[in-house]
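Novice:
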Amino acid sequence: MSDQFSVTVRSFLEPINQYLDDPEVTEIMVNSPDEIWIEKSGKLQRTDSSFESEDALKSAINNISQFVKRRIDEENPTMDARLPDGSRVHAILPPCARKGLCLDIRKFSAETLTMEKLVSFGSITPDAVEFIKACVYGKMNIIVSGGTGSGKTSLLNAISSMVPNEERIITIEDSAELQLQQDHVLPLESKPPDKKGKGEVPIRELLKSSLRLRPDRIIVGEIRGGEALDLLQAMNTGHGGSMGTIHANSPVDSLSRLETLSLFSGVELPLRVIRAQVTSAIHLVVQTSRYHDGSRKISHISEVLPLDDRGEYKTQDIFVFKQTNIKPTGRIEGSLKPSGTLPGFLDEIEQAGYDLKKAIFGGKKQRGK
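For the sequence shown, position 46 matches number 152 in my numbering, and the numbering has no gaps at all.
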């Protein structure tokens with residue numbers, strides 16, 4: 107990226123540079139020129155910083171829009187962009203933003219979050235890591251589910267790092283955030299329309315293209331449109347071990363969300379057919395949650411079961427977070443515990459050659475898929 111732009115944008119964003127430089131700050135929310143909030147160590151707090159005027163904030167937004175060649179004006183009052191350091195930017199103009207110009211910056215972390223670090227943070231246990239590693243090795247299809255700011259992309263990155271080095275991995279994202287270290291990674295990034303509204307290349311088109319590029323794995327940074335159906339069909343037709351993230355509040359909700367997004371594809375399929383595709387394609391949902399103390403933890407690791415007798419989604423927790431205490435500081439304590447149930451796809455993992463110790467589950471087998 108342009109070093110000149112990096113210097114210029116830092117000049118325009120001078121009132122918030124201290125937060126851009128603070129490693130404990132993950133997000134900066136400018137609600138108006140004189141109202142700036144940050145998320146620091148998982149908690150929101152208002153700052154005493156401000157821009158000199160609305161014109162000063164507008165100049166900063168215009169500087170970013172000119173560099174990324176995105177329109178932001180009365181006809182197009184919102185803008186997505188990325189700063190030179192990889193941070194994601196979203197801006198909204200008035201009157202849509204009723205307090206005046208608003209700007210949100212979600213900072214990009216150059217430090218890769220590993221499973222070892224997640225264990226040290228208390229977000230996951232070694233046994234749960236071992237189970238996920240076995241699922242990746244056995245080419246189970248995995249969905250990482252969670253709400254906004256729950257750490258879905260970071261978790262997907264950590265899980266993706268378990269893919270064997272010799273495999274060809276194709277990643278598809280709206281904004282490049284995944285940092286895979288394997289030798290054979292082909293990253294694809296969607297392209298928004300230009301100032302004339304032309305030249306858009308959406309996630310769905312890239313997903314269809316990826317199927318012609320001999321992928322061993324397809325990893326979608328965020329599933330949020332009709333590409334859900336294309337991914338399900340890819341998973342069901344020989345592209346095992348694929349992964350993606352989705353906005354949902356529980357494992358069952360994530361399956362319903364995939365169903366809803368599949369309906370946006372424009373392909374007319376009976377609901378029961380879509381549901382059957384969801385349950386046959388997805389093996390595992392890893393649910394990440396953001397708790398009241400600001401911490402992010404994996405709350406469920408759940409197997410997807412066949413539809414029940416009423417045609418409804420059904421999951422079985424393999425690991426689930428059990429809260430044990432709340433400290434006087436408000437910090438939540440607890441850990442992922444095995445549910446006592448073996449996954450129904452355990453035989454597939456063993457047939458792939460992975461020696462997974464059943465003791466980590468602490469119970470007897472219940473048939474899944």
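All C-beta atoms in this analysis are idealised placements derived from N, C-alpha and C, irrespective of residue type, glycine included. Note that the structure is a prediction, hence the values are computed from the model and not measured.
Does the Cβ-Cβ distance between residue 166 and residue 119 come in under 7 Å?
Specialist: Yes, these two residues count as a Cβ contact at 7 Å.
Novice: Quickly, what does DSSP pair residue 281 with across the bridge? List them, please.
Specialist: Bridge partners of residue 281: none, in fact.
Novice: With distance defined between alpha-carbon atoms, name the residue in 429, 385, 415 and 387 nearest to residue 405.
Specialist: Here the closest residue by C-alpha is 429.
Novice: Suppose you measure from the CA of residue 202 to the CA of residue 172; what does that come to, to the nearest Å?
Specialist: Roughly 21 Å separates the two Cα atoms.
Novice: Is the segment 223-236 touching the segment 332-342 in the sense that three or more CB pairs, one from each, lie closer than 8 Å?
Specialist: Touching, no, given that fewer than three Cβ pairs across the two stretches are closer than 8 Å.
Novice: Would you call the CB atoms of residue 149 and residue 400 closer than 7 Å?
Specialist: Their beta carbons are under 7 Å apart, which means residue 149 touches residue 400 by this criterion.
Novice: Helix, strand or coil: which one does DSSP assign to residue 246?
Specialist: Residue 246: coil per DSSP, three-state reduction.
Novice: Using the C-alpha atoms, what's the distance from residue 145 back to residue 128?
Specialist: Their Cα atoms are separated by approximately 11 Å.
Novice: Which residues does DSSP list as the beta-bridge partners of residue 211?
Specialist: DSSP output for residue 211 lists 134 and 195 as bridge partner(s).
Novice: Taking DSSP as the reference, what is the three-state secondary structure of residue 259?
Specialist: It is helical.
Novice: Since residue 156 and residue 121 should fall inside the 8 Å C-beta cutoff, what is the C-beta to C-beta distance between them, to a whole number of angstroms?
Specialist: Sure, about 6 Å apart at Cβ, within 8 Å.
Novice: Looking at the unbroken alpha helix (DSSP H) that takes in residue 227, where does it start and where does it end?
Specialist: Counting along the chain, the alpha helix (DSSP H) containing residue 227 begins and ends at 221-227.
Novice: Could you tell me whether the segment 247-258 touches the segment 341-353, using the rule of 3 or more Cβ pairs below 8 Å?
Specialist: Output reads yes: the segment 341-353 touches the segment 247-258.
Novice: Buried or exposed for residue 345, please, with buried defined as at least 16 other CB atoms from any protein chain shown within 10 angstroms of its CB.
Specialist: Per the 10 Å Cβ criterion, buried.
Novice: Candidates 313, 322 and 278: which alpha carbon is nearest residue 290's?
Specialist: Considering only alpha carbons, the answer is 322.
Novice: Quick check on residue 197: buried or exposed, where buried means 16 or more other Cβ atoms within 10 Å of its Cβ?
Specialist: Classification for residue 197: buried.
Novice: With distances taken from CA atoms, which of 163, 162, 161 and 139 is nearest residue 153?
Specialist: Residue 139 is the option with its Cα nearest to residue 153.
Novice: Between residue 296 and residue 465, what straight-line distance do the alpha-carbon atoms span, to the nearest angstrom?
Specialist: One C-alpha to the other measures close to 43 Å.
Novice: On the criterion of 16 or more Cβ atoms from any shown chain inside 10 Å, does residue 398 qualify as buried, or is it exposed?
Specialist: Residue 398 comes out exposed.
Novice: Report the option in 133, 408, 287 and 274 whose CA atom is closest to the CA atom of residue 218.
Specialist: Minimum Cα distance to residue 218 is reached at 287.
Novice: Could you check which residue in 188, 259 and 264 has the C-alpha nearest to that of residue 220?
Specialist: When each option's Cα is compared against that of residue 220, the closest is 264.
Novice: For residue 130, count neighbouring C-beta atoms within 10 Å of its own C-beta (all shown protein chains included) and say buried if the count is 16 or more, exposed if not.
Specialist: It is exposed - the Cβ of residue 130 has fewer than 16 other Cβ atoms within 10 Å.
Novice: Tell me which same chain residues have a C-beta within less than 6 Å of the C-beta of residue 393, skipping the five on either side of it?
Specialist: Contacts found: 251, 357, 405 and 406.
Novice: Can you give me the C-alpha to C-alpha distance between residue 414 and residue 458, rounded to a whole angstrom?
Specialist: If I take the Cα positions, the gap works out to 28 Å.
Novice: Could you check which residue in 317, 183, 318 and 225 has the C-alpha nearest to that of residue 207?
Specialist: Nearest C-alpha to residue 207: 183.
Novice: Go to residue 378, then tell me how far its alpha helix (DSSP H) extends in each direction, as first and last residue.
Specialist: From DSSP, the alpha helix (DSSP H) with residue 378 extends over 377-387.
Novice: Inspect the beta-carbon positions of residue 326 and residue 278 and report whether they are closer than 7 Å.
Specialist: Taking 7 Å as the Cβ cut-off, residue 326 and residue 278 qualify as a contacting pair.
Novice: Give the secondary structure of residue 268 by DSSP, where H, G and I count as helix, E and B as strand, and everything else as coil.
Specialist: Three-state result, residue 268: coil.
Novice: List, from N- to C-terminal side, the alpha helix (DSSP H) runs of 4 residues or more that fit wholly inside the segment 160-185.
Specialist: Fully enclosed alpha helix (DSSP H) runs of 4 or longer: 160-174.
Novice: Is residue 388 closer than 7 Å to residue 365 when the C-beta atoms are compared?
Specialist: The answer is no: Cβ separation not under 7 Å.
Novice: Leaving out five residues on either side along the sequence, give the residues of the same chain with a beta carbon under 6 Å from the beta carbon of residue 174.
Specialist: Taken in chain order, the residues that qualify are 187.
Novice: Of all the options 426, 285, 216 and 313, which has the alpha carbon lying nearest to the alpha carbon of residue 266?
Specialist: Nearest C-alpha to residue 266: 285.
Novice: Along the chain, where does the beta strand (DSSP E) that runs through residue 408 open and close?
Specialist: Segment 402-411, the beta strand (DSSP E) holding residue 408.
Novice: Quick one: is residue 453 buried, meaning 16 or more other Cβ sit within 10 Å of its Cβ, or exposed?
Specialist: Label assigned to residue 453: exposed.
Novice: Examine the ligand COA and report whether any of its heavy atoms sits within less than 6 Å of the Cβ of residue 302.
Specialist: In the structure shown, the ligand COA is absent, as is every other ligand, since no ligand is present at all.
Novice: DSSP three-state call for residue 320: helix, strand or coil?
Specialist: Here residue 320 sits in coil by DSSP.
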